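In the working numbering, the protein residues as written are 755 to 1363. For glycine and all other residues, C-beta sits at the position ideal for the given N, C-alpha and C. Note that the structure is predicted; figures quoted are calculated from it, not measured.
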């Protein structure tokens, strides 16, 4: 399952600007669209007007005007404006200026009829010319352009010549028509602005609808892809979960038959060891699946702080043991990141390196890098270098996928399940870092990423403990448990309760088994108890933590262990604060035995001098 990274939404002003820009582009496209039939009808009407005034006034002037109209009609019909693709704010403004100029030339050619066809001697022809031009304005104003400045300029250039000429040379009736033309111009300007605003609103609605439709389709495709990815993830998880379950079932049957037929102890011990390995493989897979679920659900919020890298890397190297991990890190290396998430990233990268490096050592290296544009101008490059089997170039793009194991084609459970690097990918996405890979077959691999440097003087947090570490009491693990040690077990799962009871009785411990907190508080003799094992998820009003608090109040010396399949950081910190222990399901017998030894040690009276 691949989480979709959340991206920051653009500011409202930027979104409004982009929306306005898209509307202006669409208005310009509509304004230059071909108008063949309209141009033809307009040209035929112009020919009729020219013929009328040639007959009534001057053939020469009518032909001159018709030649101008013919020229601009050819220009508009056969040489349309070419728009840039894609639009940018700069070329859009240039295209708008070019469109305005072409529209002005078109309408000025028509408007010159107010000068060329104006007859100072004939008031009736003056009146006819004025009415014709006003009619042309009314009929063609909204077909000339949809760009407001171009349309308003076109109306002005169409009417201005006849208005000026009429006021200058016209008869009184023509002067009155010219004044009406001025009012008509102002009215048309207003109508054009209103019409353009309404058109832009309609275009905006259409663009919004298209955007929403595209977003819905993109969301549907993303959902389908996520569903397919989720199905693939769970199919792979189901496959890998069934393998150890199958091994446990088969080995349990082998063990039953061996005990039934009295097989020698060496063979029985081998079967038991196989059962233990299968159980450990199952536990490892469920732990990784749980971690992936927690990452994708963002259960553990990030808490960026100054993290000293050298102590963290040295602690990881110490835990790896056998001197297989070397550390090369400046003591002043302090990064600004989440300490817990960083530890989980490094732990998984280190585990991956050790698994596929059968011989040789792994190096954890840190070096300073310049990062201009940040608060400190510096960063720390962290590398996990190994000398292992390496990864071919064609396989490097998929090593971070779920259940991918390039060097484990046979799916050997001892080499993991292919989820370590998938966890790294998810954690890196949360931290805002990118893990790079450089590798070649037989020459090892280098996984690297960069962390921003903390500001000088920032107090570094201590190296975090493992995210889910089992409690390790100080009691001597080789000591013997006292027979009859009283242990309260509150567990609602019958199978788990029976298994715990059987193990405790085998150790000669006296378990008190209850299925709920209320039942335990009501029936158990708390004063006689030496230890309490409380499952966190219990039915009823009280969970295991509430039960533990009640038990601690009533008997402060009682050794208490919280048990759960999901021991979180918060639960671990709570247990450490209260002096309790935290055991993760499936509980390991050695860890449980150490808790009981601690309880036995606390209940023993101090020895007399």
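Q) Given residue 801, which residues of its chain have a CB within under 8 Å of its CB, disregarding the five upstream and five downstream residues? A) 820
**Q.** Close Cβ partners of residue 1294 (< 8 Å) along its chain, the five nearest in sequence each way excluded
**A.** 1270, 1271, 1272
Q. Within this structure, are the beta carbons of residue 1240 and residue 1213 separated by less than 9 Å?
A. no
Q: Taking residue 1314 as part of the beta strand (DSSP E), name the residues at either end of that continuous run.
A: 1313–1318
**Q.** Nearest residue (CA-CA) to residue 998, options 1036, 1015, 1020
**A.** 1036
Q. So residue 1070 packs on residue 1087, CB below 8 Å; how close in whole Å?
A. Incorrect: roughly 14 Å between the Cβ atoms, too far for contact.
(Q) Taking the beta carbon of residue 962 as the centre, do at least 16 other beta carbons fall within 10 Å, making it buried, or is it exposed? (A) exposed
Q: Indicate whether the contact test is met: 3 or more Cβ pairs, each with one atom in the stretch 1119–1132 and one in the stretch 1182–1195, closer than 8 Å.
A: no
Q: Using three-state DSSP, classify residue 1265 as helix, strand or coil.
A: strand
Q) Under a three-way DSSP split, which group does residue 1270 fall into? A) coil
(Q) I'd like to check one pair, residue 792 with residue 899: are the Cβ atoms closer than 9 Å? (A) no
**Q.** Helix, strand or coil at residue 1154 according to DSSP, with G and I counted as helix
**A.** coil
Q. By DSSP, does residue 1246 sit in helix, in strand, or in coil?
A. coil
Q) What distance in whole Å lies between the Cβ atoms of residue 907 and residue 857, which are believed to be in contact at a cut-off of 8 Å? A) 7 Å
**Q.** Backbone CA spacing between residue 1141 and residue 1106 [nearest angstrom]
**A.** 12 Å
Q | For residue 1178, the nearest candidate out of 1049, 1266, 1250 (CA to CA) | A | 1049
Q. Under the three-state reduction of DSSP, which class applies to residue 1058: helix, strand or coil?
A. strand
Q) Per the contact definition of three or more C-beta pairs closer than 8 Å, is the stretch 878–894 in contact with the stretch 845–853? A) no
Q | Runs of beta strand (DSSP E) wholly within the stretch 1001–1053 (minimum 3 residues, chain order) | A | none
Q: Following the continuous beta strand (DSSP E) through residue 1288, name the residue where it begins and the one where it ends.
A: 1285–1289
Q: Check each candidate in 854, 1343, 780 and name the one with the smallest Cα separation from residue 1256.
A: 1343
Q.
Using the three-state DSSP reduction, which class does residue 1296 fall into: helix, strand or coil?
A. coil
Q) From residue 1080 to residue 1258, what distance separates their C-alpha atoms? A) 42 Å
Q. In terms of residues, what are the limits of the alpha helix (DSSP H) holding residue 896?
A. 877–898
Q. What's the call for residue 1260, buried or exposed, on a 16-neighbour Cβ count within 10 Å?
A. exposed
Q | Alpha-carbon spacing of residue 1011 relative to residue 1030, whole angstroms | A | 18 Å
Q. According to DSSP, which residues form a beta bridge with residue 1136?
A. 1120, 1203
Q: Throw me the rounded Cβ distance for the residue 1281 and residue 1317 pair, which I believe falls under 8 Å.
A: Not quite, the Cβ-Cβ distance comes to about 23 Å (not below 8 Å), so this is no contact.
Q.
Applying the 10 Å Cβ sphere with the 16-neighbour rule, what's the burial state of residue 1102?
A. buried
Q: Closer than 8 Å by C-beta to residue 1153: which residues in its own chain qualify, once you throw out the five before and the five after it? Chain order, please.
A: 1145, 1160, 1175, 1191
Q. Any chance the CB of residue 967 is under 8 Å from a heavy atom of the ligand ADP?
A. The ligand ADP is not part of this structure, which contains no ligands at all.
Q: For the beta strand (DSSP E) containing residue 1192, list its first residue and its last residue.
A: 1190–1193
Q) I think residue 1130 touches residue 1209, with their Cβ atoms under 8 Å apart; what is that distance to the nearest whole Å? A) 6 Å
**Q.** Limits of the unbroken beta strand (DSSP E) element including residue 1337
**A.** 1335–1338
Q) Do you know offhand how far residue 1090's Cα is from residue 1075's? A) 28 Å
Q.
By the three-class DSSP mapping on this structure, what secondary structure does residue 918 have?
A. helix
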